[in-house]
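For reference, the structure is listed below as structure tokens.
Residue numbers (the working numbering), protein chains in the order written: chain A, 1 to 350; chain B, 351 to 535.
Quick look at the structure:
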């Protein structure tokens, strides 16, 4: 029998509020990522982009969302209906789940309680991220297969093989990082970077490999083979309409946000304020934490811009080029990086 | 092989160098190009608010002209209909009655004057054929319509505003035309 009084109800409440804030914030950011994407695409093509809904088109994402909600919902007769609905739900769910282990900032003191700005500080944080990210492909696969459309199926196959290939290189590039930090907890990794330097200084190659793989995992150009518009007509979500399509598109943007957050956490010091010694200013209290969050968000924004910048510059890889790059270049590079890191660590410790 | 122009370039089939094969440097160069465009002046014209001026030789929807006193110039001679290669113009003539001198310039006028805008090819031959300076092509185009009937423009649609009752509109329509005439010469 569970003793109800023994449960820390305040902690539960605190975590629930934090979960709500994080989910709402990631949805909000994903919403404005669509706006940013359209604006950046337009600017890089010497256009202005959306500017009619509200000042500077700032209400455009709301209009887009409304449109998706009011569209007719079509479920093809020949599709597997349960899986057809499950696909986008799963894509969205896995996109949202990853943010549970990201440390969004330092501790905040409110009403005499110290609140950690991380939903769950699990000691296997990175493994959790990997597990959820690899589940994410099920959304694509189930959606593509259950549509009962040859293009969707082809796209889903491509997507699955792409994610499997790039996950290997991604994991290998992270092993080098983990050998340095000695911990899988994201909070510990950030704390270490705050004391010394950012990991990207020690692991530039590892970061590069991780970044390329993150592009591939998010299905962003140049690796957007699973939604290749011109060869597979929209790919795996071809048969989707209304908000189910919206979920797929939205999940992609949430994924982009989360993977930017993970990269900032692992390689760029997370909520560490650059060129600033936090431990000397602990008397700033909550302001320090807020400043940290702002820095973290800025880093994420830079990454998101980089993602979009690449998308509107680089054309899509051909399938064989994609596989060549993944298996013949990135994995050997990541292995070499791992070996060199190991050797250097051994040499420094002798 | 004989080429049409001497600009043809043979395809470079050299194997990629190491720098090219790791893509990164070339991707970086490409990204610098897109970044340059990011800060460039935008070429967009905000359409309903801003309009691009037409070329001086633009040929738009026909207008039936009036003289300074607001009388219709057309005498229904039928030369425009004869000149029209698309056979878009039909008209019916009528005789001017006593008391209608303020409406029509000469003894004969067009009781009915129709141009089928779906047939019209905007060649401007009607304007060239007209001996009375009664029809000319303006700098507007025929707006979209939902049925074919609305594309048959009658006299009311084509006539220029009356200079006596609507002087501003007349001046505007006339002014655009004079402007384009000047540019032509």
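Don't be surprised by glycine CBs; every beta carbon is placed ideally from N, CA and C. From a predicted model like this one, the values you see are computed outputs, not experimental measurements.
In this structure, A:52 is the residue among A:187, A:336, A:46 and A:52 with its C-alpha nearest to the C-alpha of residue 398 (chain B). Sorting B:489, B:468, B:493 and B:506 by C-alpha distance to the C-alpha of residue 460 (chain B) places B:506 at the top. For residue 341 (chain A), the enclosing alpha helix (DSSP H) starts and ends at 331-349. Residue contact check for residue 314 (chain A) against chain B: a CB pair falls below 9 Å. DSSP places residue 458 (chain B) in the uninterrupted beta strand (DSSP E) bounded by 458-466. Between residue 186 (chain A) and residue 101 (chain A), the gap from beta carbon to beta carbon is short of 9 Å. Counted as a single uninterrupted DSSP element, the alpha helix (DSSP H) harbouring residue 192 (chain A) occupies residues 186-195. The beta-bridge partner set that DSSP reports for residue 444 (chain B) consists of B:459. Sequence-distant partners of residue 133 (chain A) (beyond 5 residues in either direction) whose C-beta falls short of 7 Å from its own C-beta, in its chain, are 98 and 217. For the options A:139, A:114, A:290 and A:103, the alpha carbon positioned closest to that of residue 125 (chain A) is the one of A:103.
Residue pairing by DSSP places residue 384 (chain B) in no beta bridge whatsoever.
For residue 299 (chain A), the closest Cβ of chain B is not nearer than 9 Å. Note that the C-beta distance between residue 478 (chain B) and residue 410 (chain B) is not below 9 Å. For residue 109 (chain A), there is no enclosing alpha helix (DSSP H); the enclosing beta strand (DSSP E) covers residues 107-110.
In the DSSP assignment, residue 60 (chain A) falls within the alpha helix (DSSP H) that extends over 60-70.
Looking from the CA of residue 280 (chain A), the closest CA among A:195, A:88, A:168 and A:127 belongs to A:195. In the three-state reduction of the DSSP assignment, residue 367 (chain B) falls in the coil class. With contacts defined as CB atoms closer than 9 Å, residue 317 (chain A) and residue 225 (chain A) qualify as a contacting pair. Using a Cβ-Cβ cut-off of 9 Å, residue 366 (chain B) does not count as an interface residue toward chain A, since no Cβ of chain A sits closer than that to its own. A Cβ-Cβ separation of about 12 Å leaves residue 427 (chain B) out of contact with residue 476 (chain B) under the 8 Å criterion.
Among the residues of chain B, those whose CB is under 7 Å from the CB of residue 48 (chain A) are 392 and 394, following chain order. The three-state secondary structure of residue 422 (chain B), taken from DSSP, is strand. Setting aside the 5 residues that flank it on each side, residue 429 (chain B) is surrounded in the same chain by 479, 480 and 481, each with a C-beta closer than 7 Å to its C-beta; the list follows chain order.
Around the beta carbon of residue 197 (chain A), fewer than 16 other beta carbons sit within 10 angstroms, so the residue counts as exposed.
For the pair residue 236 (chain A) and residue 147 (chain A), the CB atoms are nearer than the 9 Å cut-off.
For residue 486 (chain B), the enclosing beta strand (DSSP E) covers residues 485-487. Residue burial is scored here from C-beta neighbours: residue 415 (chain B) has at least 16 other C-beta atoms within 10 angstroms and is therefore classed as buried.
Looking at the DSSP output, residue 116 (chain A) sits in a beta bridge with A:107.
Using a Cβ distance threshold of 9 Å, residue 319 (chain A) and residue 296 (chain A) do not count as a contacting pair. At a beta-carbon threshold of 8 Å, the residues of chain B lying near residue 310 (chain A) are 377 and 381, ordered along the chain.
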